[in-house]
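Colleague: Protein chains in written order, with my numbering: chain A, 1 to 128; chain B, 129 to 256.
2 protein chains.
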Amino acid sequence: MKYSKQREQILETLKNNCIHPTAEQVYSLMKSQMPNISLATVYRNLNQLAENGVILKIDSLDGTARFDYCREQHYHFICTKCNKVYDVPHNVAPELLKNVQEQTGLTVDSCEISFRGICPDCQQNIKH
Amino acid sequence: MKYSKQREQILETLKNNCIHPTAEQVYSLMKSQMPNISLATVYRNLNQLAENGVILKIDSLDGTARFDYCREQHYHFICTKCNKVYDVPHNVAPELLKNVQEQTGLTVDSCEISFRGICPDCQQNIKH
DNA sequence: TATAATCTGATAATGATTACTATTATTGTT
DNA sequence: AACAATAATAGTAATCATTATCAGATTATA
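(1) Nearest-angstrom Cα distance between N144/B and E72/A?
(2) Pick from T192/B, S188/B, Q153/B: whose alpha carbon is nearest that of Q207/B?
(3) Which residue or residues does DSSP assign as beta-bridge partners of A193/B?
(4) So the beta strand (DSSP E) I10/A belongs to, where does it begin and stop?
(5) Quick one, which residues of the stretch 94 to 110 of chain A are near chain B if we go by CB-CB under 7 angstroms, in chain order?
(6) Does C250/B come out as helix, strand or coil in the three-state DSSP assignment?
(7) For M162/B, which residues in the same chain have their Cβ closer than 6 angstroms to its Cβ, ignoring the five residues on either side in sequence?
(8) Listing by chain order, which chain A residues have their CB less than 9 angstroms from the CB of R244/B?
(9) Could you list the residues in the stretch 77 to 94 of chain A with a C-beta less than 8 angstroms from some C-beta on chain B, going in chain order?
(10) With a CB to CB cut of under 8 angstroms and the five nearest residues on each side skipped, what residues in its chain are close to H74/A?
(11) Would P248/B count as contacting chain A if we go by Cβ distances under 9 angstroms?
(12) Using only the alpha-carbon positions, how far apart do E102/A and R244/B sit?
(13) So, is Y131/B buried or exposed, given that buried needs 16 or more other C-beta atoms within 10 angstroms?
(14) Under 9 angstroms between C-beta atoms, does Q73/A make it to chain B?
(15) So, does the CB of N176/B fall closer than 9 angstroms to a CB anywhere in chain A?
(16) Can you tell me whether R44/A is helix, strand or coil according to DSSP?
(17) So, does the CB of Q123/A fall closer than 9 angstroms to a CB anywhere in chain B?
(18) Hey, F205/B and V108/A: beta-carbon distance below 9 angstroms or not?
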């Protein structure tokens with residue numbers, strides 16, 4: 001992987017915006033500092049960074065991927081009303097990979113958990 | 129939800145094919161028995177059935193959803209080589225929802241775990 | 001059986017993502 | 001510093017899964 005200004009800026013943007021943005025959102029967020037960047041470049045680099053384990057790619061139910069810089073392993077809670085993504089700490093599922101290995105014999109490289117429900121904000125809104 | 133022949137046949141097809149098929153695959157599998165069914169109908173009904181909890185919708189990493197009839201709660205292992213989906217028993221993650229609730233306060237309605245790795249078949253193929 | 005509600009097939013439209021291509025930037029080497 | 005080799009970019013066209021639309025058919029209900 002060769003250095004590029006664009007990739008650096010994309011990563012920087014991700015670091016500064018812990019909102020689990022979509023590719024399109026990253027693109028918008030960068031526009032002011034790098035007006036000529038192409039959407040395709042954003043996609044290309046986000047995927048590249050995810051493949052190399054630098055960032056995390058999260059599949060939403062609405063068919064738009066989201067990206068996350070956070071390095072410590074953790075899981076996600078996706079609000080079924082507003083599609084916002086919240087972090088869930090890793091230790092809610094201790095022994096998980098060990099159990100899978102023991103019970104199925106499958107060798108797991110990675111693991112993603114998506115919890116779904118209505119987030120506190122949306123629950124408030126429903127009440128009012 | 130009103131009865132329809134098409135929906136019944138879609139569900140039947142899913143019951144008889146525990147291969148976690150995509151919508152397109154369900155469509156092909158049905159073609160012989162119901163040659164005039166429309167792909168849109170397959171999509172419409174699969175989503176409807178999933179929304180009503182009759183079947184399960186699984187998000188793959190390659191951007192094509194897969195569907196599963198199995199009623200007992202369980203998780204999935206997706207092979208990163210061939211994209212085949214395997215079942216993983218529910219009890220690999222005991223206390224999961226309780227832990228989330230306790231540690232985050234979030235109310236979880238559902239939860240999906242996707243394990244990723246290379247399946248035994250593909251590991252064999254790599255060796256040869 | 002008449003009415004309303006829901007469903008269907010066919011196809012157009014959408015929207016996220018990827019492929020393509022000519023050009024430009026980065027890197028290692030004389 | 002100049003050179004070639006490699007990889008990256010911008011812009012846009014193409015792809016592909018999925019959804020929307022809509023006229024006509026089916027199903028449920030009164």
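No residue lacks a Cβ here, since even glycine has one placed at the ideal position from N, Cα and C. Since we're looking at a predicted model, the values are computed, not measured.
Modeller: The short version:
(1) 41 angstroms
(2) Note that residue 207/B is Cys in the sequence shown here, rather than Gln. Closest option to C207/B, Cα to Cα, is S188/B.
(3) D187/B
(4) Unbroken run through I10/A is the alpha helix (DSSP H), 5 to 16; no beta strand (DSSP E).
(5) L96, N99, V100, Q103, T104, L106, T107, V108, D109, S110
(6) helix
(7) Q137
(8) V108, D109, S110, C111, E112
(9) F77, T80, Y86, V88, P89, N91, V92, A93
(10) D87, V88, P89, H90
(11) yes
(12) 16 angstroms
(13) exposed
(14) no
(15) Correcting the residue identity first, residue 176/B is Gln in this sequence and not Asn. Closer than 9 angstroms: no.
(16) helix
(17) yes
(18) yes
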